[in-house]
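One structure is given below, encoded as structure tokens.
Residue numbers (our numbering): 962 to 1121.
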């Protein structure tokens, strides 16, 4: 007489498999976070690159003079909501960092702004000519900023 063989898994075998899957998941989870982090860094750098290229086009159209300290904000000068000319940046979304969790409203000008501009070149009512920048290589014009809004849009920098 032959013994009856059962075709199933014991509770111990199932627990071992679950533990192995959990251990593998702990190794894989940081990799997924790292991928998301790298994607955010890439998007953030792309936003700053688009803002920089838009600023270069603005400077080219304005004889090398930075945004004046009066009138519209630097963001509105780069991406006017209503304009007969093409904007210097394509979309207001470039002003919001991927890490900025504030919600974007319907109005383009109410988009959260995650970057600040160096206020030194904006110090006068007519802006500063780019030739006045002492050390352009060391000059930081835009930088990521926390808790920025339409009214807090810059940081105190120098001519480098």
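The C-beta atom is built at its ideal place from N, Cα and C for all residues, glycine as well.
Q. What are the boundary residues of the alpha helix (DSSP H) that includes residue 991?
A. 972-1022
(Q) In the DSSP output, which residue or residues are listed as bridge partners for residue 1049? (A) DSSP, once it has assigned bridges, lists no residue as partnering residue 1049.
Q) Do you know how far the Cα of residue 1061 is from the Cα of residue 1026? A) 30 Å
Q) What whole-angstrom Cβ distance do residue 1017 and residue 1103 have, given they're in contact under 8 Å? A) Actually they do not touch by this definition, with Cβ atoms about 12 Å apart.
Q) Of the residues 1000, 1089 and 998, which one's Cα is nearest the Cα of residue 1031? A) 1089
Q) Are the CB atoms of residue 1059 and residue 1023 nearer to each other than 8 Å? A) no
Q: For residue 1050, collect the residues of the same chain with a Cβ closer than 6 Å to its Cβ; drop the 5 residues on either side in sequence, then sort them by chain order.
A: 1011, 1015, 1039 and 1040
Q. What are the boundary residues of the alpha helix (DSSP H) that includes residue 945?
A. Absent from the structure is residue 945, since the part of the chain shown begins at 962 and ends at 1121.
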